[in-house]
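This report refers to the structure that appears directly beneath it.
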Ligand code: ADP
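Numbering (our numbering), first residue to last: 2 to 449.
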């Protein structure tokens with residue numbers, strides 16, 4: 002069932018039940034009030050008859066009672082054996098069919114009839130001529146009361162309909178009002194799916210309600226998706242572009258070998274070496290791309306000593322390279338919350354770059370700054386010009402492509418390091434002057 006139908010149905014049903022309850026209450030209240038008034042009137046009449054009977058014992062009872070016969074009514078006097086002590090006095094012979102009772106107590110009752118107005122009856126004990134107790138029973142058909150009740154019924158029914166019509170109209174407007182933004186949201190979503198566009202919802206002149214918030218969130222989500230999609234697209238095209246070069250080198254050497262390789266040992270040797278180094282490059286590229294993708298996953302974090310971790314990494318490089326590499330720390334131990342392997346990867350990238358892009362010494366410092374720790378990797382190499390400082394963190398960005406390629410670079414190292422630092426809620430920055438070397442710094446929050 003559509004949401005609009007549900008809103009309309011619910012509001013109309015709710016109003017219908019409410020109106021029915023109120024109207025039924027009004028109807029029964031009025032019914033009781035009117036019946037009580039009739040009862041009081043007939044009781045007064047019955048008392049008058051008894052008084053008249055007592056005060057005028059000499060007048061024939063039938064004649065006396067005729068004077069008191071109510072309009073639309075009947076009077077009976079019933080003996081203790083259920084016999085009529087005088088002939089029934091009535092305006093309509095049909096009334097004589099009505100039931101009667103002998104009672105020694107004053108009672109009142111309503112006789113309900115299916116095809117005509119109800120009767121109200123009052124029974125009152127009297128002392129009859131022979132000294133025995135008899136019952137005077139006075140009947141009155143509730144014609145005016147029935148008519149009023151019938152009129153009230155129709156008035157209330159018409160009032161119910163009059164109330165329900167605006168309720169249905171209000172329900173329709175309400176459902177339209179609520180559903181308009183939802184419909185526009187669905188429409189925009191469909192357009193985005195079919196046209197593959199990053200369309201947003203126009204929020205001009207809209208009141209700031211919950212639906213506004215929903216649409217605003219949708220717009221933020223679209224922006225986020227667009228951004229992510231574009232970045233993925235760039236990544237895929239950059240990655241395929243980067244893989245194209247080694248593949249075409251391998252292919253051209255294979256063709257060369259096919260044509261003239263068999264009887265040319267020099268060419269054979271050169272080709273095998275080229276293929277081997279291009280295969281290494283592709284392997285490194287693929288590994289780094291996987292690393293970048295893996296960084297999106299959730300990793301486990303633990304408490305670790307950043308000084309020990311940095312020292313370990315520096316020692317590994319010292320063993321592998323014949324270069325001057327110094328390490329200094331301001332404290333014995335500084336604890337941070339992080340992923341051991343990922344943080345080591347960051348230091349690995351920074352030290353590797355410092356060694357790659359300089360020929361002099363490389364210094365690594367660990368500095369304590371209140372609740373933060375800074376690790377700085379300083380080199381005295383070519384440096385990075387101001388305008389390149391932000392770009393070097395982009396995927397596949399290399400200042401000097403051919404130099405980086407010769408040094409085995411992929412252009413992914415700093416992008417990986419930056420992503421890891423973002424995950425650790427830390428920072429990775431560079432300060433450098435062209436020709437005067439560079440300092441890459443990472444900052445992390447410490448823990449006790
Ligand atoms: P690559 O694999 O090319 O080294 P990176 O993402 O690690 O990729 O670095 C991107 C670029 O930033 C490098 O190609 C290089 O031009 C520049 N770069 C990085 N570190 C240094 C450094 N210590 N000194 C000078 N240039 C650097």
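By construction, the Cβ of each residue, glycine as well, lies at the ideal position given by its N, Cα and C atoms. Since we're looking at a predicted model, the values are computed, not measured.
In the three-state DSSP reduction, residue 307 falls in the helix class (H, G or I).
Taking all protein chains in view, the Cβ of residue 355 is crowded by 16 or more other Cβ atoms within 10 Å, so the residue is classified as buried. By the Cβ rule, the region 139 to 153 counts as touching the region 62 to 76, because three or more pairs are nearer than 8 Å. Cα atoms of residue 150 and residue 35: separation of roughly 9 Å, rounded to the nearest angstrom. In terms of side-chain proximity, the C-beta atom of residue 410 is found nearer than 8 Å to a non-hydrogen atom of the ligand ADP. DSSP places residue 364 inside the beta strand (DSSP E), whose first and last residues are 363 to 370. Under the three-state reduction of DSSP output, residue 70 falls in the coil class, being neither helix nor strand. Take the alpha-carbon of residue 352 and the one of residue 431: they are about 13 Å apart. Look at residue 439: its beta carbon is less than 8 Å from one of the heavy atoms in the ligand ADP.
Within the chosen limit of 8 Å, the ligand ADP reaches the beta carbon of residue 399 through at least one heavy atom. With fewer than 16 other CB atoms across the displayed protein chains lying within 10 angstroms of its CB, residue 261 is exposed. Exclusion of the five residues before and after residue 62 leaves 87 as the residues of its chain whose Cβ lies within less than 6 Å of its Cβ.
For residue 359, the Cβ falls inside the 8 Å cut-off from some heavy atom of the ligand ADP. According to the DSSP assignment, residue 188 belongs to no beta strand (DSSP E) but to the alpha helix (DSSP H) extending over 144 to 196. In the three-state scheme derived from DSSP, where H, G and I count as helix and E and B as strand, residue 402 is classed as helix. Put simply, the region 431 to 448 does not touch the region 319 to 333. Fewer than three CB pairs are less than 8 Å apart.
Note that the C-beta distance between residue 247 and residue 279 is below 9 Å. When the five nearest sequence neighbours on each side are left out, the beta carbons in the same chain lying within less than 8 Å of the beta carbon of residue 313 are those of 345, in order along the chain.
Sequence-distant partners of residue 341 (beyond 5 residues in either direction) whose C-beta falls short of 8 Å from its own C-beta, in its chain, are 303, 305, 310. Excluding five sequence positions before and after residue 124, the CB atoms of its chain that fall closer than 6 Å to its own CB belong to 104, 108, 136, 138, given in chain order.
The Cβ atoms of residue 448 and residue 343 do not sit closer than 9 Å to each other. For the set 106, 168, 95, the Cα lying nearest the Cα of residue 117 is the one of 95.
Annotation: residue 409 to residue 284 spans about 11 Å, alpha carbon to alpha carbon.
A Cβ-Cβ contact shorter than 9 Å links residue 129 with residue 78.
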